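Just below is one structure, and these are the notes that go with it.
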Amino acid sequence: MGKIVLLDENTANKIAAGEVVDRPASVVKELVENSLDAGATRVDVAVAGGGLELIRVVDDGCGLAPEDVPLALQRHATSKIRTAEDISRVLTLGFRGEALPSIAAVSRFRLATRQPSDLAGTLALVEGGRILALEEHGCPAGTEISVKDLFFNTPARLKFIKSEGAETAKITDTVQRLALSRPDISISLTVNGRPLLTTAGNGSLADVCCQVYGRQAVKLFLPVDWQGAKLRLTGYVSHPSLARANRSLQSFFVNKRFVRSPLLSDALQTAYQTLLTRGRFPAAVLFITADTAEVDVNVHPAKREVRFSGERDVYRDVLAGVRQALKNDLLVHKMTHQSLERSLPERAVWPATSQAFSFAAEQAALPYFATADPASATPAAAESRQDEGSFPVLAVLGRAAGGYILAQKDTGDLYIIDQHAAHERVLYELLLDEAQSGQLPVQEIVPLVFQFDPVSAQSLEKSLKILARAGLTFESFGNNSFILRTVPLFYRHCLNQDEIQEMLAATAETGEEPALFEETVKMMACQAAIKADQVLAREEMSSLLSDLRGAKQPYTCPHGRPTTMLITAPELAKFFRRR
Ligand code: ADP
Ligand code: MG
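For the sequence shown, the tail end lands on 574 under the working numbering, and the numbers increase by one without skipping.
Rendered as structure tokens:
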């Protein structure tokens, strides 16, 4: 006799709930998404006990017709698509018809709804998937759903729920991101009776960002607006001085849907290359708008991920769009920026996105020089090249101990420039330019022998061409050793065998070609740059500042440390109480 039976509807719903509503925050997400899909202009969320005691979502949307209420509580019942093909055109956040039955299967569920045109509304009470009541009911237009005692009948699930604090943080995070996704809708969150977030719904993303990130932080946001071939990129990224040790300040939205995407995170990070020190991540609220046919939204049970048809193009556009935003801004580390950053609280409510991703491989597969500056291929880039040299003309005033050049702009703004960091930036860009155009002058040296462990030696063996492009010509010498025959001309006087050995050993571990090329160039620039204790003549300082003015990214050294600090004339006057 056969052993297979069809599961009854309630059991199937409980299983689906395991995927769709794994924790209170997912319930909040599904309910608010339904409200957004229902055309609400206002959505109020209230939670208690980390969402396990109560989740209530009230909206002023289109409501449900009385005859649709029992259907909405059934699996695979949806008003949003009719056929599978519709998924590729779907503009609503939901489309599977799974959320309401899943939630109702694992809670004490109450739905009160009325279409604005109807006189009477409908009330449905469901407990653990059993419909207890379904009746006519007087209520305001729109929909109110209360979910009590979530997971009361699935003790195994309950065990996996973290502390009330952690669940509340996750809920807050979810509502904040939903609010960011729709500045045109007023969204509020109340936790244990205390209002935590209210957005105006006036359509201003900047306003929502102020609610979510705080007004001070938003002062460090730079607008992004980029039109690619197949997508438009808008939103904000942060000045590099606003960065965190994790990606918690980053949100990506694809056609207004919040998504996690290693592809997008990686493109963003690459845009900040040399602007941030390792392990620091900028803030970003980025919207991608693309034809629905270019985006597959049906790849994740909770619809948290999407797949793009042209991943490389998306990567390139995000990289180019963010780079342009950064170029447009004067990336100077202002005094005020520093103090702002200090005053900004670390936001515990934005959890880290710990995603294992392997986009590095994909990235390495792109032609390196193209990714190094894909913008240079577009007309927009040609324009933005004109604002190279956004570094102002400065008159040198003198030099402070520790290698800081003091200089002044004609407006009276005071600049303090780290001579080593500045020179490192200048050399780095020069060397990169020359290496990329194959015009790096090199010189033969008395051969130096480098010895490696077998694993590093093997990985370096494959990288000899890249090193040669950076002016370091190595030859295999057998026995895991290599001889260095040439170095870039400018690097000759500061050649340091230990540094090279260390850098090669470190990059051999990562085995990434772009990284090796970059690290090599950075290392040589750092070695060759004037040291902090070196006393410079006034003309030398002037010429360094004018070189810096010609740099593409004058405001950070290639390791992402600042080169320049600015105290504006008004700030000086304010400090000395002159006004
Ligand atoms: P989906 O969103 O995938 O369609 P759900 O189970 O979340 O599936 O919802 C089922 C249906 O119930 C929706 O298609 C919609 O017609 C209706 N619905 C759910 N929530 C609301 C709401 N807040 N306002 C109006 N209709 C709603
Ligand atoms: Mg839904």
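Beta carbons: idealized from backbone N, C-alpha and C, even for Gly.
For clarity, every value in this text was computed on a predicted model and none was experimentally measured.
Is there contact here, the region 29 to 48 with the region 8 to 16, by at least three beta-carbon pairs under 8 Å?
-> no
Going along the chain, which residues put their C-beta within less than 5 Å of some heavy atom in the ligand MG?
-> Asn29, Gly89 and Ala94
For the alpha helix (DSSP H) that Ile411 lies in, which residues bound it at each end?
-> For the purposes of this step, residue 411 is identified with residue 416 of the sequence shown, where counting begins at 1. No alpha helix (DSSP H) holds Ile411; the beta strand (DSSP E) holding it covers Leu409 to Asp413.
Roughly how many whole angstroms lie between the Cα atoms of Arg394 and Val203?
-> Mapped onto the sequence shown, residue 394 falls at position 399. Mapped onto the sequence shown, residue 203 falls at position 208. Approximately 44 Å between the Cα atoms of the pair.
Nearest-angstrom Cα separation, counted from Arg84 out to Gly198 = For the purposes of this step, residue 198 is taken as the residue at position 203 of the sequence shown. For the purposes of this step, residue 84 is taken as the residue at position 89 of the sequence shown. Roughly 25 Å separates the two Cα atoms.
When every heavy atom of the ligand ADP is checked, does at least one fall within less than 8 Å of the C-beta of Ala33?
-> For this step, residue 33 is matched to residue 38 along the sequence shown. Yes, the Cβ of Ala33 comes within 8 Å of a heavy atom of the ligand ADP.
Would DSSP call Phe364 helix, strand or coil?
-> By 1-based counting over the sequence shown, the position of residue 364 is 369. Here the model assigns Phe364 a pLDDT of 22, short of 50, so the residue's position is not dependable, and the following value carries that caveat. Phe364 falls in the helix class under three-state DSSP.
How big is the Cα-Cα spacing for Leu455 and Ala520?
-> Your numbering for residue 455 matches position 460 in the sequence shown. Your numbering for residue 520 matches position 525 in the sequence shown. Distance between the alpha carbons of Leu455 and Ala520: 21 Å.
Considering Phe247, what are the terminal residues of the beta strand (DSSP E) in which it resides?
-> Along the sequence shown, one-based indexing puts residue 247 at 252. Segment Gln245 to Val249, the beta strand (DSSP E) holding Phe247.
Would you verify that the beta carbon of Arg275 is, or is not, closer than 9 Å to some beta carbon of chain B?
-> Here chain B cannot be found, since the structure has a single protein chain.
Report, in whole angstroms, the separation of the C-beta atoms of Arg302 and Val313, which I expect to be a contact under 8 Å.
-> Numbered from 1 along the sequence shown, position 307 holds the residue referred to as residue 302. Numbered from 1 along the sequence shown, position 318 holds the residue referred to as residue 313. At roughly 15 Å, the Cβ-Cβ gap does not stay under 8 Å, so Arg302 and Val313 are not in contact.
Rounded to whole angstroms, how far is the Cβ of Arg103 from the Cβ of Asp144, which I believe are closer than 8 Å?
-> Position 108 of the sequence shown, counted from the first residue, corresponds to residue 103. Position 149 of the sequence shown, counted from the first residue, corresponds to residue 144. Indeed they touch by this definition, with Cβ atoms about 5 Å apart.
In angstroms with no decimal places, state the Cα-to-Cα distance between Pro111 and Asp291.
-> Residue numbering aside, residue 111 sits at position 116 when the sequence shown is read from its first letter. Residue numbering aside, residue 291 sits at position 296 when the sequence shown is read from its first letter. Computed Cα separation, rounded: 34 Å.
Among Thr229, Ser471, Asp493 and Val516, nearest to Phe485 - alpha-carbon criterion = Residue mapping note: residue 485 aligns to position 490 of the sequence shown, counting from 1. Nearest of Thr229, Ser471, Asp493 and Val516 to Phe485, Cα basis: Val516.
From Arg318, Ser385, Gly45 and Asn29, residue whose alpha carbon lies closest to that of Gly137 | For the purposes of this step, residue 137 is taken as residue 142 along the sequence shown, with counting starting at 1. That would be Asn29, whose Cα lies nearest to the Cα of Gly137.
Is Gly209 near the ligand ADP, going by C-beta to nearest heavy atom under 8 Å?
-> Working through the sequence shown from its first residue, we reach residue 209 at position 214. No, the beta carbon of Gly209 sits no closer than 8 Å to any heavy atom of the ligand ADP.
DSSP three-state assignment for Tyr267, whether helix, strand or coil = Locating residue 267 in the sequence shown gives position 272, where the first residue counts as 1. Tyr267 falls in the coil class under three-state DSSP.
Say yes only if the C-beta of Asp81 is nearer than 8 Å to one or more non-hydrogen atoms of the ligand ADP, and no if none qualify.
-> Here residue 81 corresponds to residue number 86 of the sequence shown, with the count starting at 1. No, Cβ of Asp81 sits at least 8 Å from all heavy atoms of the ligand ADP.
Quick one: what does DSSP say Lys550 is sitting in, helix, strand or coil?
-> Here residue 550 is taken as the residue at index 555 of the sequence shown, counted from 1. First, the amino acid is wrong: residue 550 is Tyr here, not Lys. In this structure, Tyr550 counts as coil in the three-state DSSP scheme.
Return the chain-ordered list of same chain residues with a C-beta closer than 7 Å to the C-beta of Tyr423, the five sequence neighbours on each side being excluded.
-> Your numbering for residue 423 matches position 428 in the sequence shown. Contacts found: Val516, Lys517, Ala520 and Pro553.
Name the two residues that bound the continuous beta strand (DSSP E) containing Tyr231.
-> For the purposes of this step, residue 231 is identified with residue 236 of the sequence shown, where counting begins at 1. Tyr231 -> beta strand (DSSP E) spans Leu226 to Ser233.
Taking 8 Å as the line, does the beta carbon of Val101 fall inside it for any heavy atom of the ligand ADP?
-> Position 106 of the sequence shown, counting from 1, holds the residue named residue 101. Because no heavy atom of the ligand ADP lies under 8 Å away, the Cβ of Val101 does not count as near it: no.
Can you tell me the Cα-Cα spacing of Thr87 and Asp32, whole angstroms?
-> Position 92 of the sequence shown, counted from the first residue, corresponds to residue 87. Position 37 of the sequence shown, counted from the first residue, corresponds to residue 32. Using only the alpha carbons, I get a separation of about 6 Å.
Taking C-beta to C-beta, are Leu114 and Leu129 nearer than 9 Å?
-> Against the sequence shown, residue 114 aligns to sequence position 119. Against the sequence shown, residue 129 aligns to sequence position 134. Taking 9 Å as the Cβ cut-off, Leu114 and Leu129 do not qualify as a contacting pair.
Under the assumption that Phe216 contacts Tyr231 (Cβ atoms under 8 Å), give the Cβ distance between them as a whole number of angstroms.
-> The count along the sequence shown starts at 1 and reaches residue 216 at position 221. The count along the sequence shown starts at 1 and reaches residue 231 at position 236. Contact flag correct, Cβ pair sits at about 4 Å.
Check: Arg91 C-beta below 8 Å from any heavy atom of the ligand ADP | What you label residue 91 is simply residue 96 of the sequence shown in a count that begins at 1. True, at least one ligand heavy atom lies under 8 Å from that Cβ.
Could you check if Asp413 is buried or exposed, using at least 16 other CB atoms within 10 Å of its CB as the buried criterion?
-> In the sequence shown, residue 413 corresponds to position 418, counting from 1. So Asp413 counts as buried.
From Phe447 to Ala503, what distance separates their C-alpha atoms?
-> Taking the sequence shown and counting its residues from 1, one reaches residue 447 at position 452. Taking the sequence shown and counting its residues from 1, one reaches residue 503 at position 508. Cα to Cα, Phe447 sits roughly 10 Å from Ala503.
May I ask you to check if the CB of Cys204 is nearer than 8 Å to at least one heavy atom of the ligand ADP?
-> By one-based count along the sequence shown, residue 204 stands at place 209. The answer is no for Cys204.
Taking all protein chains shown into account, do 16 or more other C-beta atoms lie within 10 angstroms of the C-beta of Ala564, making it buried, or fewer, making it exposed?
-> Within the sequence shown, residue 564 is the residue found at index 569, counting from 1. Burial call: exposed.
Is the closest heavy atom of the ligand ADP to the C-beta of Ile608 under 8 Å?
-> What is shown of the chain runs -4 to 574, which leaves residue 608 out entirely.
Roughly how many angstroms lie between the CA atoms of Glu93 and Ile495, to the nearest whole one?
-> In the sequence shown, counting from the first residue as 1, residue 93 sits at position 98. In the sequence shown, counting from the first residue as 1, residue 495 sits at position 500. About 58 Å.
Is the number of C-beta pairs between the region 162 to 173 and the region 54 to 68 that are closer than 8 Å three or more?
-> no
How big is the Cα-Cα spacing for Asp542 and Ile461?
-> If you number the sequence shown from 1, residue 542 lands on position 547. If you number the sequence shown from 1, residue 461 lands on position 466. Taking the straight line from one Cα to the other gives about 27 Å.
Member of Ala417, Gly196, Thr481 and Glu497 whose CA lies at the smallest distance from the CA of Arg464 | Within the sequence shown, numbered from 1, the residue matching residue 464 stands at position 469. Closest by alpha carbon: Thr481.
Quick one: is the Cβ of Cys57 within less than 8 Å of any heavy atom of the ligand ADP?
-> Indexing the sequence shown from 1 puts residue 57 at position 62. Flag set: Cβ of Cys57 near the ligand ADP.
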